[in-house]
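Numbering (the numbering used here), first residue to last: 17 to 143.
Structure, as structure tokens:
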């Protein structure tokens, strides 16, 4: 059972979220990076077609390729298998989005960005 707070779209609709007004692609690539960092690859129960590929911008593509080529043993021929690229990215994003939702739900109502900032600083060692 999922509440609205468990829905990935809630972090895009909440004005207190760092993802407010961002695109699904923005959330996807951030979730993908968090999933990769914490090794949270999680197979999908069913594949969604909710994010149109045409809406991906060049920054999103660079982030996807960066993740793919950071995988052990991945070589240039993977570019010939877009389904494999999609699966790897979706599985990391699937695991990472749960972290993003958790950070969102733990946020301080007076400083909603604090939890994201704290967790992202830990995640990417920004401090």
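Built from N, CA and C at the ideal position, the CB exists for glycine as well.
Bear in mind the structure is a predicted one, so any value in this text is a computation, not a measurement.
- prompt: Hey, quick one: how far does the alpha helix (DSSP H) through residue 72 stretch, first residue to last?
  reply: Here residue 72 is taken as the residue at index 56 of the chain shown, counted from 1. That residue, residue 72, is in no alpha helix (DSSP H); it is neither H nor E in DSSP.
field: Exposure label - residue 122; buried when at least 16 CB within 10 Å
entry: Counted from its first residue, the chain shown places residue 122 at position 106. A residue is called buried once 16 or more other Cβ atoms fall within 10 Å of its Cβ, and residue 122, having fewer, is exposed.
- request: Verify whether the separation of the beta carbon atoms of residue 35 and residue 43 is less than 8 angstroms.
  value: In the chain shown, counting from the first residue as 1, residue 35 sits at position 19. In the chain shown, counting from the first residue as 1, residue 43 sits at position 27. Between residue 35 and residue 43, the gap from beta carbon to beta carbon is short of 8 angstroms.
field: Alpha carbon of residue 110 to alpha carbon of residue 48, nearest angstrom
entry: On the chain shown, position 94 is the one that residue 110 refers to. On the chain shown, position 32 is the one that residue 48 refers to. Approximately 7 angstroms, taken between the alpha carbons.
Anticipated Cβ contact below 8 angstroms, residue 108 with residue 83, distance rounded: Position 92 of the chain shown holds residue 108. Position 67 of the chain shown holds residue 83. Between residue 83 and residue 108 the Cβ distance is about 7 angstroms, and since that is below 8 angstroms, they are a contact.
query: Exposed or buried, residue 18, counting other C-beta atoms within 10 Å across all chains shown (16 or more means buried)?
result: Looking up residue 18 in the chain shown gives position 2. Summary for residue 18: the model assigns pLDDT 39, below 50, so the residue's position carries little reliability; its value from the coordinates is reported in the next sentence. Under the 10 Å beta carbon count, residue 18 is surrounded by fewer than 16 other beta carbons and is classified as exposed.
message: Please report the straight-line C-alpha distance between residue 87 and residue 102, rounded to a whole angstrom.
response: The residue given as residue 87 occupies position 71 in the chain shown. The residue given as residue 102 occupies position 86 in the chain shown. Rounded to whole angstroms, residue 87 to residue 102 spans 13 angstroms at the Cα level.
- request: Would you decide whether residue 79 is buried or exposed? Buried here means 16 or more other CB atoms lie within 10 Å of its CB.
  value: Here residue 79 refers to the residue found at position 63 of the chain shown. By the neighbour-count rule (16 or more Cβ atoms within 10 Å), residue 79 is buried.
task: May I ask you to report which of helix, strand or coil DSSP gives residue 39?
output: Taking the first residue of the chain shown as 1, we reach residue 39 at position 23. Coil.
- request: Tell me whether residue 103 sits in a helix, a strand or coil according to DSSP, three-state version.
  value: The residue you call residue 103 lines up with position 87 of the chain shown. Here residue 103 sits in helix by DSSP.
query: Beta-carbon separation of residue 115 and residue 50 under 8 angstroms?
result: Counted from its first residue, the chain shown places residue 115 at position 99. Counted from its first residue, the chain shown places residue 50 at position 34. With contacts defined as CB atoms closer than 8 angstroms, residue 115 and residue 50 qualify as a contacting pair.
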